[in-house]
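> Position 164, counted from 1, in the sequence shown is what the numbering used here calls 176; the numbers after and before it change by one each time, with no gaps. Note that the Cβ used here is the ideal one computed from N, Cα and C, for glycine as well.
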Amino acid sequence: KNKGRYTTAETRTIEQLVFKTPDAAKAALDSLKTGATFDKLVAAEGKTQADTLLGTLSKDKIADKAVADAAFALNVNEVSPVVQGAFGPVLLRVTEIKPEVVKPLAEVAADIRKDLALGEASRILLDVHDSYEDSRASGSTLEQAAEKLKLKVVTVDAIDRTGLRPDGAIVKDLPESPELIKAVFDAEPGTENPDLTTANNGFVFYEVDSVTPARDRTLDEVRQKVVADWTAAETTKRLTAKAQELEKRLEAGTTLDVIASELKLEKQTKRGVKRGADDADFGKEGAAAMFGEGEGGTGLIPSPTGDGQILFRIAEVFEPAGADASSVPDDEQKSFTAGMSDDLLDQLVAQLQTQYDVRIDQTAVAQALTR
Numbered sequence: 013k014n015k016g017r018y019t020t021a022e023t024r025t026i027e028q029l030v031f032k033t034p035d036a037a038k039a040a041l042d043s044l045k046t047g048a049t050f051d052k053l054v055a056a057e058g059k060t061q062a063d064t065l066l067g068t069l070s071k072d073k074i075a076d077k078a079v080a081d082a083a084f085a086l087n088v089n090e091v092s093p094v095v096q097g098a099f100g101p102v103l104l105r106v107t108e109i110k111p112e113v114v115k116p117l118a119e120v121a122a123d124i125r126k127d128l129a130l131g132e133a134s135r136i137l138l139d140v141h142d143s144y145e146d147s148r149a150s151g152s153t154l155e156q157a158a159e160k161l162k163l164k165v166v167t168v169d170a171i172d173r174t175g176l177r178p179d180g181a182i183v184k185d186l187p188e189s190p191e192l193i194k195a196v197f198d199a200e201p202g203t204e205n206p207d208l209t210t211a212n213n214g215f216v217f218y219e220v221d222s223v224t225p226a227r228d229r230t231l232d233e234v235r236q237k238v239v240a241d242w243t244a245a246e247t248t249k250r251l252t253a254k255a256q257e258l259e260k261r262l263e264a265g266t267t268l269d270v271i272a273s274e275l276k277l278e279k280q281t282k283r284g285v286k287r288g289a290d291d292a293d294f295g296k297e298g299a300a301a302m303f304g305e306g307e308g309g310t311g312l313i314p315s316p317t318g319d320g321q322i323l324f325r326i327a328e329v330f331e332p333a334g335a336d337a338s339s340v341p342d343d344e345q346k347s348f349t350a351g352m353s354d355d356l357l358d359q360l361v362a363q364l365q366t367q368y369d370v371r372i373d374q375t376a377v378a379q380a381l382t383r
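Right, dumping it as structure tokens:
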């Protein structure tokens, strides 16, 4: 019954010559019996082969049923009788036939077995679903119904709307997590709820045992997180302050070599940083900040790969060899073009305003608004 899935339909290359009247079509058909050819008929109608080509189509792709039936009854290079098509009387010719191709069983056997297995699994799944529903309807609890059907029950002790446990850990491996959490928080404790369908066509049955009202956590519950957050914030604050102090020294003339030596860090030199690039070491915003400085300029940027700060000095600015307009990124070219257009328009308007007196005809405006 699934033969169509493994079959490439027969296609035919069809030419269609449309006539204004049935008599004209009949006369053309009769002329074929006295030596005329289809190609000569096409030329006599002032058309080309391209004009008459309907296409290479399967029968179901031809909207006009009369044309489809007639075309698929022809042999190669045979001309049809007059067919009353949707656009008038036509003669048809088939120039090529590609027969139907059915994949051999050996080639599709694995797919067929897979489909059969999936079909059987789907049937079993629906049977289990219905049996569970029947068990609940007869008074069984969720746990009892699951035990009868050998289904696994997972208990989540506590979860909030964001999917976190009370200790801040993420509740993992929840099926259809966003939908399930929303459904759980819409449900009432101790009631049976509609099942949820998973992305792989499974089902999730769920029940809420109890609800813990929202409350502020005690200090003991959040102490560890508070300490960690404070430590991180204080570290960032001190690091930023130290980096800003070093930046001032760099601006005042202290070299990066001296600063690196004091901090027991390695000074690094990077060449070929490009404008607008998402640089691996500096990030896109960092590279943009560097191009805001001239040669000898200094600055401070956040590290794109952590919480550190990068202190930099522009050692050299140069134009790449062979640079021309095509090397400018498309977005910058468009921005520059738009800016020039706006500037030219503003200049034109300003010039015209000096040559012509602009006035508003209040009467005409009032008439237009009252129509």
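What are the start and end residues of the beta strand (DSSP E) that includes Ser70?
Leu65 to Ser70
> Roughly how many whole angstroms lie between the Cα atoms of Pro34 and Pro116?
46 Å
> Let me know if Met352 comes out buried or exposed under the rule of 16 or more other beta-carbons within 10 Å of its beta-carbon.
With fewer than 16 other beta carbons inside 10 angstroms of its own, Met352 counts as exposed.
> If the criterion is Cβ atoms closer than 8 Å, does the pair Thr107 and Asn87 meet it?
no
> Distance check for Thr167 and Asp179, CA to CA, integer angstroms please.
17 Å
> Short check: CB of Pro201 to CB of Asp172, under 8 Å?
No, Cβ-Cβ distance for Pro201 and Asp172 is not below 8 Å.
> Give me, in chain order, the residues of the same chain whose beta-carbon lies closer than 8 Å to that of Val113; leave out the 5 immediate sequence neighbours on both sides.
Thr19 and Thr20
> If you compare alpha carbons, which of Leu277, Asp343 and Leu356 is closest to Gln321?
Leu277
> I'd like to check one pair, Glu27 with Leu69: are the Cβ atoms closer than 8 Å?
no
> Under 8 Å, do Thr224 and Glu188 count as touching if we go by C-beta distance?
No; because the gap between Cβ atoms is not below 8 Å, this pair is not in contact.
> What separation, rounded to the nearest whole angstrom, lies between the Cα atoms of Gln280 and Glu328?
So the two alpha carbons sit approximately 14 Å from each other.
> Which residues does DSSP list as the beta-bridge partners of Ile182?
Leu176
> Is the separation between the beta-carbon of Arg24 and that of Phe84 shorter than 8 Å?
yes
> Measure the C-alpha to C-alpha separation of Ala380 and Asp198 and round it to an integer number of angstroms.
56 Å
> To which residues does DSSP link Gly100 through a beta bridge?
Bridge partners of Gly100 according to DSSP: Gly97.
> Excluding the 5 residues flanking Ser147 on each side, which residues of the same chain have their C-beta closer than 8 Å to its C-beta?
Gln156, Ala157, Lys160 and Leu161
> For the pair the region 252 to 262 and the region 302 to 313, tell me if three or more CB-CB distances fall below 8 Å.
yes
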